[in-house]
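So the protein lines, in turn, are chains A, B, C and D. The letter at position 14 of the first sequence is residue 14 when you use the UniProt record's numbering, and the numbering goes up by one with no holes. The letter at position 74 of the second sequence is residue 74 when you use the UniProt record's numbering, and the numbering goes up by one with no holes. The letter at position 80 of the third sequence is residue 80 when you use the UniProt record's numbering, and the numbering goes up by one with no holes. The letter at position 77 of the fourth sequence is residue 77 when you use the UniProt record's numbering, and the numbering goes up by one with no holes. Here a beta-carbon is modelled for each residue, glycine too, at the ideal position from N, C-alpha and C. As the structure is a prediction and not an experimental result, all values here were calculated from the model.
4 protein chains.
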Amino acid sequence: MERKKILSNVKNRELVMKRRNQMIKGAISLFKEKGFHRTTTREIAKESGFSIGTLYEYIRTKEDVLFLVCDSIYEQVKQRLELVIAKEVPSVKMLKNVVRAYFELMDEMQEEVLVMYQEVKSLEKEAQEYVLKKEREMVDMLKQVIESCLPEHNISDMDTELIANNIFIQGQMWGFRRWILQKQFKLDEYIDRQLFYLMRVLLIEE
Amino acid sequence: MERKKILSNVKNRELVMKRRNQMIKGAISLFKEKGFHRTTTREIAKESGFSIGTLYEYIRTKEDVLFLVCDSIYEQVKQRLELVIAKEVPSVKMLKNVVRAYFELMDEMQEEVLVMYQEVKSLEKEAQEYVLKKEREMVDMLKQVIESCLPEHNISDMDTELIANNIFIQGQMWGFRRWILQKQFKLDEYIDRQLFYLMRVLLIEE
Amino acid sequence: MERKKILSNVKNRELVMKRRNQMIKGAISLFKEKGFHRTTTREIAKESGFSIGTLYEYIRTKEDVLFLVCDSIYEQVKQRLELVIAKEVPSVKMLKNVVRAYFELMDEMQEEVLVMYQEVKSLEKEAQEYVLKKEREMVDMLKQVIESCLPEHNISDMDTELIANNIFIQGQMWGFRRWILQKQFKLDEYIDRQLFYLMRVLLIEE
Amino acid sequence: MERKKILSNVKNRELVMKRRNQMIKGAISLFKEKGFHRTTTREIAKESGFSIGTLYEYIRTKEDVLFLVCDSIYEQVKQRLELVIAKEVPSVKMLKNVVRAYFELMDEMQEEVLVMYQEVKSLEKEAQEYVLKKEREMVDMLKQVIESCLPEHNISDMDTELIANNIFIQGQMWGFRRWILQKQFKLDEYIDRQLFYLMRVLLIEE
DNA sequence: AATGAATGAGCCTTCATTCAT
DNA sequence: TATGAATGAAGGCTCATTCAT
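What follows is the structure, given as structure tokens:
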């Protein structure tokens, strides 16, 4: 997939990657705490360990930071999921493992995901679309896992889409509805029960 | 439930209500368009039909407007749902009608709900908690509907909680994941399929 | 002539005029001292006697101030010249009086004119054209004076244009070449000699 | 005349000259386009073909560039005029040729001259005076041409000064009042008519 | 009660200049 | 000599909030 390019004054590619990673790390920690709008570029620079001038050597606008953050979060999630998928052969067991891994990942990254959900809208059109495409990719990953793990099950494509979406947001829900859910469920319980009902939905007996 | 009080300089209660409704209406329309942070108090005042000075006679800070908006949205949703519930006697049919009504409501109010999801975090602690309580109330409504409609089904409380939450966010998902879902489903299809799988989850045959 | 409108948040027309005059006065004094680019908006606000916030209630950008200044200078010059013209009937004497008055005016306003010459280029296209039109008007005034004062002299239109332009810039030259001219001439001497040669150019004997 | 020294870290004289000429060429082209203040040192470096670090090996401040540019422009004009003067013996014809050559030169270099007029004021005192001296020299050249070409004409020194100044600015006027003049005159017409009236001023019959 | 002019803290961004390599 | 990454002071502008009328 074509990667949206954020322009930088600095030419050295490695340095750009290094500084941007510093930036992303600093920014995420600030966005978690106070959101995008309440975080100033100076704070981002400071938290990243360099001056405001340096910050602007690596981006063009504050929004670029948000985009970098969103992009990085999705990239991480995607890579982690791909890792799990690569480890097994398609089967019901694999399906359950992937969903479990996804839920665990959402638990680990709940703050990052929260940030994304609340701030994507602040991105300009083009960047927003890029991020949505990333999300689309992730739902597609789940869809393919379902299809490949249940080859004979004859679920319609639309239903697979629906179920994949449901799984996707059930994962996110764990993070951004934590005030409600995490009072009543431990992560494992949550995963177990969701998997239990997923099996029912897919007519899989155990 | 105790209502969080927003202070106003104006004493006439009716006038306060009238002006605040103007404000909420104006603000929602602006927040939908550009979000809370990008909307200025001047714009809210203008859209509401009065001056910036007057705006500040009825609230203390810009955040108060956001709170009023969030509160109003939940209140509307809750009232609408209660109306549907009041119309029928508990039964599987009622359960399906309530869920259907809730999904339709989320379709109607998708922009309002989107606003809320993205901006609640900007509220101060206390206001945030108030809004979360409202949400809690709504999940509880769904929970009670499930329980009263399926008295003999022996679903554990935690599972009911989980299922209610799932329904709750499946409704919201329709709105804030519209870019993905509304390309592939019509509202009715979406509702039908979700209800179909809900029946499976609840072991209800038709 | 259509006046280019500078937008203001403040509605009260009289107040806008009053504040803008304060602004123009303050700005001219600063521009004289350090030029447009080296003057900050904060300084303009302070010199004008109000806060930076108030400054921006009456203009949209710093450039607006420059435009206001340029516009005001031309307007003053034009009005002063019209006054002189209105006082007499066309004749060689009147021509000399107008030219003399113009030179004296340029002496009085030499700093303002200097500012204009050096900063007009900083204006955006549209504003620049507006200012150039003003200049055009002034050359036309001189042209008409020449024509009406010397009805039988049969100077071609192009030559009148040229001579009017020469007078125009000889006036400005007194101000912005002051380092050279004002070392060697007193204002009266300068005017006398320029008038002397103007008479030769126009073939008028005295 | 003593040349104002711009300090350089680099010792090799030839290299300094070479790099500075690159700089002047690059800077003039940028100043023409956007003025001194809107041009950044980075842009100057890039346009000159070297890095920002290198730029600062050959100058101390951005203003130095402006000075170098102004100095170079005057030097060019002066040299070109001297060339014309050297080619002929003093006579009315020579006077006309010099004036014509000067006007043609001003046409060729109108953008450079415009730059100078609008930016000299940004120079610091000392540099400004140096540039003004250059201008003084040029007026003196014109003065001497008039005197040597019209030995018996008995024009007072002050009048010669005045006339030389008038010629000087009529030349510049062609460039920086181009929006008005160049709509109505072709260069040749402009020169012809100015020369025609100059002859009248000097009482020379043809 | 309503108005809207005034305020100024604070934000994003730029850019001349330096300095380690 | 040449490079270009780093710096941070400073600038233009916004906007929530106040207060005199």
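Selection of the segment 19-40 of chain A by Cβ proximity to chain B, strictly under 7 Å: If the cut-off is 7 Å between Cβ atoms, the segment 19-40 of chain A has G35, H37 near chain B.
7 Å CB neighbourhood of Q118 of chain B in its chain, flanking five on each side removed: Cβ neighbours of Q118 of chain B beyond the five flanking positions: G35.
Interface flag, Q118 of chain A vs chain B, CB-CB below 9 Å: Chain B, which has a Cβ nearer than 9 Å to the Cβ of Q118 of chain A, makes this yes.
Burial state of M1 of chain D, where buried means 16 or more other Cβ atoms lie within 10 Å: Low confidence applies here, because M1 of chain D scores a pLDDT of 47, under 50, leaving its location unreliable; read the following figure in that light. So M1 of chain D counts as exposed.
Any chain D beta carbon closer than 9 Å to M1 of chain C: Its pLDDT being 48, under 50, M1 of chain C is placed unreliably by the model, and nothing is read from it.
Enclosing alpha helix (DSSP H) for G175 of chain B [first to last residue]: Boundaries of the alpha helix (DSSP H) harbouring G175 of chain B: 157-176, taken from the DSSP string.
CB-CB length for F31 of chain D against V115 of chain D, believed under 8 Å: Indeed, because the Cβ distance is near 5 Å, the residues count as touching under 8 Å.
The segment 175-187 of chain B in contact with the segment 99-114 of chain B per 3-pair CB rule at 8 Å: With a cut-off of 8 Å on Cβ pairs, the segment 175-187 of chain B is in contact with the segment 99-114 of chain B, counting three or more such pairs.
Close beta carbons around E47 of chain C, own chain, < 7 Å, minus the five adjacent residues each side: The beta carbon of E47 of chain C is closer than 7 Å to those of G26, S29, L30 in its chain, skipping five residues each way along the sequence.
The segment 123-143 of chain A touching the segment 38-56 of chain A, judged by at least three CB pairs closer than 8 Å: Result no; under three Cβ-Cβ pairs closer than 8 Å.
Interface flag, K44 of chain C vs chain D, CB-CB below 9 Å: Reading off the sequence, residue 44 of chain C comes out as Ile, not Lys. No, no contact with chain D.
Inter-residue CB distance, M138 of chain B and V77 of chain B (contact presumed, cutoff 8 Å): 7 Å between Cβ atoms; contact.
For E111 of chain B, the nearest candidate out of B:E205, B:L203, B:G175 (CA to CA): Cα-wise, what sits closest to E111 of chain B is B:G175.
Pairwise C-alpha distance: F50 of chain A and I6 of chain A: When rounded, the distance between both Cα atoms is 19 Å.
Neighbouring residues, chain C, relative to Q184 of chain D (Cβ below 7 Å): Neighbours of Q184 of chain D across chain C, judged by C-beta separation under 7 Å: M158, E161.
Same chain, Cβ closer than 8 Å to R60 of chain D, neighbours up to 5 away in sequence not counted: Excluding sequence neighbours, R60 of chain D sits near I6, L7.
Within chain A, partners of R100 of chain B - CB distance below 7 Å: Chain A residues near R100 of chain B: none, gap ~16 Å exceeds 7 Å.
Where the alpha helix (DSSP H) containing G26 of chain A begins and where it ends: Looking at the DSSP string, the run of the alpha helix (DSSP H) that includes G26 of chain A is 13-38.
Residue from C:R178, C:N12, C:I146 with nearest C-alpha to M94 of chain C: Of the listed residues, the one whose Cα sits closest to M94 of chain C is C:I146.
Where H153 of chain B falls, given that 16 or more other Cβ within 10 Å makes a residue buried: So H153 of chain B ends up on the exposed side.
Unbroken stretches of the alpha helix (DSSP H), 4 residues or longer, contained in the segment 44-100 of chain B: Here the runs fully enclosed are 52-58, 62-86.
DSSP-derived helix/strand/coil call for M109 of chain A: It is coil, neither helix nor strand.
Continuous alpha helix (DSSP H) stretch holding S148 of chain B: start and end: 125-149 is the span of the alpha helix (DSSP H), which, as asked, contains S148 of chain B.
R193 of chain A: contacting residues in chain B (beta-carbon distance under 8 Å): Near R193 of chain A (Cβ distances below 8 Å), the residues of chain B are M158, D159, L162.
Alpha-carbon to alpha-carbon, T39 of chain C and I52 of chain C: A direct Cα-Cα distance of roughly 13 Å separates I52 of chain C from T39 of chain C.
Inter-residue Cα distance where the pair is I167 of chain B and I191 of chain B: Inter-residue distance for I167 of chain B and I191 of chain B is about 11 Å (C-alpha atoms, whole angstroms).
Closer than 9 Å to chain C by CB, K121 of chain D: For K121 of chain D, the answer is yes, since a Cβ of chain C falls inside 9 Å of its Cβ.
Counted within 10 angstroms of its Cβ, other Cβ atoms place V89 of chain B as buried (16 or more) or exposed: So V89 of chain B ends up on the exposed side.
Proximal residues to V171 of chain A (C-beta, below 6 Å), its chain only, five neighbours per side dropped: According to the sequence shown, residue 171 of chain A is Gly rather than Val. Result list for G171 of chain A: Y102, F103, M106, in chain order.
Cα-Cα separation, E57 of chain B to V16 of chain B: Rounded to whole angstroms, E57 of chain B to V16 of chain B spans 9 Å at the Cα level.
Any chain D beta carbon closer than 9 Å to residue 219 of chain C: Because chain C spans 1 through 206 in this model, residue 219 of chain C falls outside it and cannot be assessed.
L55 of chain D vs A127 of chain D beta-carbon contact at 9 Å: Cβ atoms of L55 of chain D and A127 of chain D: not closer than 9 Å.
Distance CB(I180 of chain D)-CB(R177 of chain C) smaller than 9 Å: For the pair I180 of chain D and R177 of chain C, the CB atoms are not nearer than the 9 Å cut-off.
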